[in-house]
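Heads up, the sequence shown is in this note's numbering, so the first residue is 7 and it goes up one at a time.
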Amino acid sequence: MASAETAKDEQTFPCRICTRRFIKSSLDKHEQACKKLTKMQRKVFDSGKQRALNSDIPINDVRKVQKEREKMGGVFPRPQTNWRERHEEFISAVSASKQVGNALKTGAPLPPPPKTASNAGKFNKTKNFKNKFKDYIKCDFCGRSFNKNAAERHIEFCKEQSVRKAILSKQGRQKTSECKFLFKTYKQIMPFYLIKLIFSLYPTY
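Okay, here's the thing in structure tokens:
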């Protein structure tokens, strides 16, 4: 207890490098260590290397993106898309479809075609259609088209579903053929009501 009280009352002095305060006996040791730490240059943290660590992205690709970002003033350029035009054309197409349906029911004259970028004279019709969906990827299993990010998720899922459906369909055909064979066999040796009761317990697919 006496030594603790003495340490509390002992005068402290500031370090000339970091300005932290120490008692006289510890100050000299601390200043020597503090000088060494200040002389040592801190290694610059490489965020690109950290991102590439434990990933399938090469470090050279990360560095290339970082340089492009520095050229753009720290802002990463986003890909240009015409999603707003597509959305507006979709809304106008739905509205026009409803108007045509009402006109056919009531016998009223058909409304004019909806205004789009293609028929408003902004772009050539065929060229505009090709450019609009040129970045879409077609699924080989269902025939639908998706953008790059959606296609990566969908195609793998659609492939698994098509394989699963093919297996289930094959199993269903096998069970149906087996049931038909059993039905023909039992029909010769059992009454019809017993056959119907047995097959009701094992429904076919």
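For every residue, glycine included, the Cβ atom is placed at its ideal position computed from N, Cα and C.
Going by DSSP, Phe28 is part of no alpha helix (DSSP H) but of the beta strand (DSSP E) stretching over Arg27 to Ile29. Under DSSP, Pro20 takes part in a beta bridge, and its partners are Arg27.
For Phe147, the secondary structure class from DSSP, reduced to helix, strand or coil, is coil. Contact annotation: Cys24 and Leu33 have beta-carbon atoms that are not nearer than 9 Å.
At a Cβ-Cβ threshold of 9 Å, Pro115 and Ala109 count as neighbours. Bounds of any alpha helix (DSSP H) do not take in Ala114, whose DSSP letter is neither H nor E.
With a cutoff of 9 Å on beta-carbon distance, Tyr142 and Asn155 are scored as not near each other. Straight through space, the alpha carbons of His36 and Gln17 are spaced by roughly 16 Å. Within the same chain, Ile23 come within 7 Å of Thr44 by CB-CB distance, once the 5 residues on both sides are set aside. If the five residues before and after Arg27 are omitted, its C-beta is found closer than 6 Å to the C-beta atoms of Thr18 and Pro20, all from its own chain and listed in chain order. As DSSP reads the structure, Phe163 sits in no beta bridge. Here the alpha carbons of Cys40 and Glu158 stand approximately 55 Å from one another. A distance below 6 Å between beta-carbons, with the five flanking residues on each side excluded, links Lys144 to the following residues of its chain, in chain order: Ser151. The beta carbons of Cys148 and Ser175 sit no closer together than 9 Å. By alpha-carbon distance to Ile161, the top candidate from Ile173, Ala172 and Asp146 is Asp146.
Phe152 is bridged by DSSP to Ile143.
In the structure shown, Thr44 adopts helical secondary structure according to DSSP, grouped into three states.
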